[in-house]
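Just so you know, the sequences run in chain order A and B. For what it's worth, our numbering labels the leading residue of the first sequence as 2, then goes sequentially. For what it's worth, our numbering labels the leading residue of the second sequence as -16, then goes sequentially. In what follows, a single structure is set out as C-alpha cells and then discussed.
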Amino acid sequence: MRLLPRGEHRRHRQDLSAYIDGRLETRRRQALERHLAQCTSCQEGLETLRRVVALLRRVPQAPVPRSFTLTSTPAPRPSWTVSLATPLRYATAVAGLLFLVVVVGDLVAQQPSAPAAEVPQVQDIPGARSLEGTADAGAAAGAPASQEKQVIPEATAAPQSLPLVKIEKAPETRAEAAQEQGPPGGFTVQNVFRWGEIALGAILAVLVALMAVQWWLRRANQPG
Amino acid sequence: MLHRRWPSAPRLRSLKHSIEPMEGDEPRLLQESQRGDLAAFNRLVERYQGQVYNLALRMLRDPDLAADATQEAFISAFRAIRDLRGTNFRSWLLSIAANACRDLMRAAKARPSFSLDALDTTPGATPASSEESPDDYAIRREMGRAIQSGLEALSHDHRLTLVLVDIQGLSYEEAARVMRCSVGTVKSRLSRARHHMRELLGRRRELFPDQFRL
C-alpha cells in the first residue's frame, strides 16, 4: 500500500458515510473504491461504519404513551406574537446595550474640568497692585502681555493668610470660551448624550412593553 | 392545493429531488385540514404521532418533555397548516417538532435524567418475539441503552441529523428540509455523527451480536 498524504486519507474516511448511502458523486466514489482496494484500514473502517448504520436502523420505535389527537380546535395564536418574538428580544437587547453605552459616555463626558476658583477682584485685595502694562512682568511671565493681567499682592505686615489671586481673561478669550461651549441647547457633546439617553430610553421602554404584551398573549393562548 | 398524484415510494427513493410520497388519502386529509376539519387533521396526527414522539424522545431524552413537545408540535401544525404549500407534510411536521424540542430544551434545560426504559419496545413485558430468549431480550435492551447514551453524547445538530436519517429513515433531502440547511451540511453532519457513534459503541462491543459487533 502506497503511503498517502494524511489529508487525502482523512478525506477518504469522511467519504465512507456518503458511500454507504450511495450519495457520493462518481469521481469521488471511484477514487474511494481505488483506495479501498489497497487500504485494509479503511476497509475495516467501512465495515464497522456499515454495522453502526445497520444497528441504528434497527433501533426500535418507542410506543406513544397516549394519543396526541386534538380534542378541540386550538385558538389561533396572534401571528405577531410568534413572528416578532425573536426580533423583539434582539432589538431589546441591542437597545439596552446602546442605552448603557450612552449613559456611560455621558458620565465620562461630564468628568471635570474643574471650574475656575472665585477670587476677589483686583480692587478688593488690600495692598494689591496690578502689573498691567509692566513690560518686565509680561516678559517674566512669558505670556502675551495683552492677554492677561497678573495681580500680585504687596506684602503687608498684618494678614497671615494669603489673598487669592485672580487671573482675568481678556474679552477675546471669553468670547472664544463661549464659542466652544456653544449656545445653550445646541449641538454639543453633552446635549448629544442627553438626547441619546432620552431617545434610547423611550425606545427601550416601548420594546419592553411590547415584549410584556407578547409574553402575556402567548401565555393566554397556550392550551391547557 | 395538494392535488398531485405521487408515485409509489420505492421508485421515488431513487430520484435525486426526492419528495416523499404521501400515502393514499393523505392529500385529501391535508386539504380538509387546511379547511379547518379537525377530524381530518387528527387522522394525520394518528399517522405521524409515533414518528414525532420518537424524534422528540431521542432529542429531549425525557418522556414527559417529549410528550409535551409532541403535543405542542401538533397544535402548532394545525394553526399553521393553511400556509402549507407544495411542501412534503412529513418533513414540514418534523421541522415543527424539531423546533418545539429546541424551545422546550431551552426552557426546561433538559437534564439526562430520563428513564432509558422508555426506549424498550415492550418495557417490562414479554420479549417481542417468542423465539427471543430473555437473555437476548436483555441484551437487546442494553444495546438500546448504549445507543441512546451514544446519542446523548452528540451535539444537538449531530444528534438530530442521525435521528432523522438513520433512526427515522428520512432521506438527505428531507432531513435538509427539516433542519433548514443544505444537503451538503446533512452529509457532513451525518458522517461525523456516525463516526462518533462508532467510537462510542466500540467501547461496548460485547453487547452487540456478531453481525453488529464493532
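Heads up, the beta-carbon is just placed ideally off N, CA and C, and yes, glycines get one too. Just so you know, these numbers come straight off a predicted model, no measurement behind them.
Rounded Cβ spacing between P75(A) and P46(B) (contact assumed at less than 8 Å): As a first step, residue 75(A) is located in the first sequence; it is residue number 74 there, counting from the start. As a first step, residue 46(B) is located in the second sequence; it is residue number 63 there, counting from the start. In fact, because the Cβ distance is near 23 Å, the residues do not count as touching under 8 Å.
When you compare the CB positions of L33(A) and L25(A), do they come within less than 8 Å of one another, or not? Numbered from 1 along the first sequence, position 32 holds the residue referred to as residue 33(A). Numbered from 1 along the first sequence, position 24 holds the residue referred to as residue 25(A). Taking 8 Å as the Cβ cut-off, L33(A) and L25(A) qualify as a contacting pair.
CB-CB under 7 Å to F194(A), same chain, minus the five flanking residues each way: which ones, in chain order? Position 193 of the first sequence holds residue 194(A). Only residues of its own chain outside the window of five on either side were considered, and among them V103, G106, D107, A110 have a CB closer than 7 Å to the CB of F194(A), listed in chain order.
Within-8 Å CB hit, L57(A) to chain B: The count along the first sequence starts at 1 and reaches residue 57(A) at position 56. So yes, L57(A) belongs to the interface.
In chain A, what lies closer than 8 Å to F24(B) by C-beta? Here residue 24(B) refers to the residue found at position 41 when the second sequence is read from its first residue. L71, listed in chain order.
Please report whether the beta-carbon of Y120(B) lies at a distance below 8 Å from any beta-carbon of chain D. Of the chains in the structure shown, none is chain D; the protein chains are A and B.
Does the beta carbon of Q62(A) sit closer than 8 Å to a beta carbon anywhere in chain B? Against the first sequence, residue 62(A) aligns to sequence position 61. For Q62(A), the answer is yes, since a Cβ of chain B falls inside 8 Å of its Cβ.
In whole angstroms, what separates the C-alpha of T41(A) from that of A83(B)? Indexing the first sequence from 1 puts residue 41(A) at position 40. Indexing the second sequence from 1 puts residue 83(B) at position 100. Distance between the alpha carbons of T41(A) and A83(B): 44 Å.
What residues of chain B sit near P88(A), judged by a beta carbon separation below 8 Å? Translated into the one-based positions of the first sequence, residue 88(A) becomes position 87. Under the 8 Å cutoff, chain B gives no residues; its nearest Cβ is about 16 Å from P88(A).
Relative to the C-alpha of Q191(A), which candidate in Q112(A), L17(A), A213(A), A86(A) has its C-alpha closest? Along the first sequence, read from residue 1 onward, the residue named residue 191(A) stands at position 190. That would be Q112(A), whose Cα lies nearest to the Cα of Q191(A).
Closest to F57(B) by C-alpha separation, out of R44(B), F72(B), L43(B), R68(B), would be which residue? Sequence index remark: in the second sequence, residue 57(B) carries index 74 (1-based). When only C-alpha atoms are compared, the closest one is F72(B).
Classify N192(A) as helix, strand or coil using the three-state DSSP reduction. Residue numbering aside, residue 192(A) sits at position 191 when the first sequence is read from its first letter. Judged by DSSP in its simplified three-state form, N192(A) adopts helix.
Express the C-alpha separation of M162(B) and A86(A) in angstroms, rounding to a whole number. Counting from one through the first sequence, the residue named residue 86(A) turns up at place 85. Counting from one through the second sequence, the residue named residue 162(B) turns up at place 179. The alpha-carbon atoms of A86(A) and M162(B) are separated by roughly 20 Å.
Alpha carbon of R30(B) to alpha carbon of R18(B), nearest angstrom: The residue labelled residue 30(B) in the question sits at position 47 within the second sequence. The residue labelled residue 18(B) in the question sits at position 35 within the second sequence. For R30(B) and R18(B), the distance between alpha carbons rounds to 19 Å.
Beta carbons nearer than 7 Å to chain A: which residues of the region 148 to 166 of chain B have them? Against chain A - using a Cβ distance shorter than 7 Å - the residues of the region 148 to 166 of chain B are D149, I150, Y155.
Is any beta-carbon of chain B found at less than 8 Å from that of S18(A)? Start at 1 with the first residue of the first sequence, and residue 18(A) comes out as number 17. By this cut-off, S18(A) is an interface position.
Any beta carbon from chain B within less than 8 Å of Q215(A)'s own beta carbon? Position 214 of the first sequence, counting from 1, holds the residue named residue 215(A). At a cut-off of 8 Å, the C-beta of Q215(A) has no neighbouring C-beta in chain B.
What did DSSP end up calling D100(B) once you bin it into helix, strand or coil? For this step, residue 100(B) is matched to residue 117 along the second sequence. Confidence in D100(B) is poor, its pLDDT being 49 and thus under 50, which makes the residue's placement too unreliable to answer from.
Can you tell me the Cα-Cα spacing of G23(A) and R142(B), whole angstroms? Working through the first sequence from its first residue, we reach residue 23(A) at position 22. Working through the second sequence from its first residue, we reach residue 142(B) at position 159. Looking at the backbone, the Cα of G23(A) and that of R142(B) are separated by about 21 Å.
Counting contacts by CB-CB distance shorter than 8 Å, is T74(A) in contact with chain B? Numbered from its first residue, the first sequence carries residue 74(A) at position 73. Yes, T74(A) lies at the interface with chain B (some Cβ there is under 8 Å from its Cβ).
Show which residues of chain B have a CB atom less than 9 Å away from the CB atom of Q15(A). Counted from its first residue, the first sequence places residue 15(A) at position 14. Result: S171, S174, R175, H178.
For the region 48 to 61 of chain B, enumerate the residues whose C-beta is nearer than 9 Å to any C-beta of chain A, in chain order. Answer set for the region 48 to 61 of chain B: A49, A50, T53, Q54, E55, A56, F57, I58, S59, F61.
So R51(B) packs on L77(B), CB below 8 Å; how close in whole Å? Here the question's residue 51(B) lines up with position 68 in the second sequence. Here the question's residue 77(B) lines up with position 94 in the second sequence. It should be noted that the sequence gives Asp, not Arg, for residue 51(B). About 17 Å separates the two Cβ atoms, so there is no contact after all.
Chain B residues whose Cβ lies nearer than 9 Å to that of V229(A): The requested residue 229(A) does not occur in the structure, where chain A is confined to residues 2 to 225.
T53(B) - DSSP class collapsed to helix/strand/coil: Indexing the second sequence from 1 puts residue 53(B) at position 70. Helix.
Would you please verify whether the beta carbon of P117(B) is less than 8 Å from any beta carbon of chain A? Locating residue 117(B) in the second sequence gives position 134, where the first residue counts as 1. No - not a single Cβ of chain A is within 8 Å of the one on P117(B).
Is P10(B) close to chain A, meaning its C-beta is less than 8 Å from at least one C-beta of that chain? Counting from one through the second sequence, the residue named residue 10(B) turns up at place 27. Output row for P10(B): interface = no.
Does the beta-carbon distance from I150(B) to L57(A) come in below 8 Å? Residue mapping note: residue 150(B) aligns to position 167 of the second sequence, counting from 1. Residue mapping note: residue 57(A) aligns to position 56 of the first sequence, counting from 1. The answer is yes: Cβ separation under 8 Å.
Once you ignore the five residues that flank A206(A) on each side, which residues in its own chain have a CB closer than 6 Å to its CB? Taking the first residue of the first sequence as position 1, residue 206(A) is located at position 205. Counting only residues of its own chain and dropping the five nearest sequence neighbours on each side, A206(A) has no CB closer than 6 Å to any other CB.
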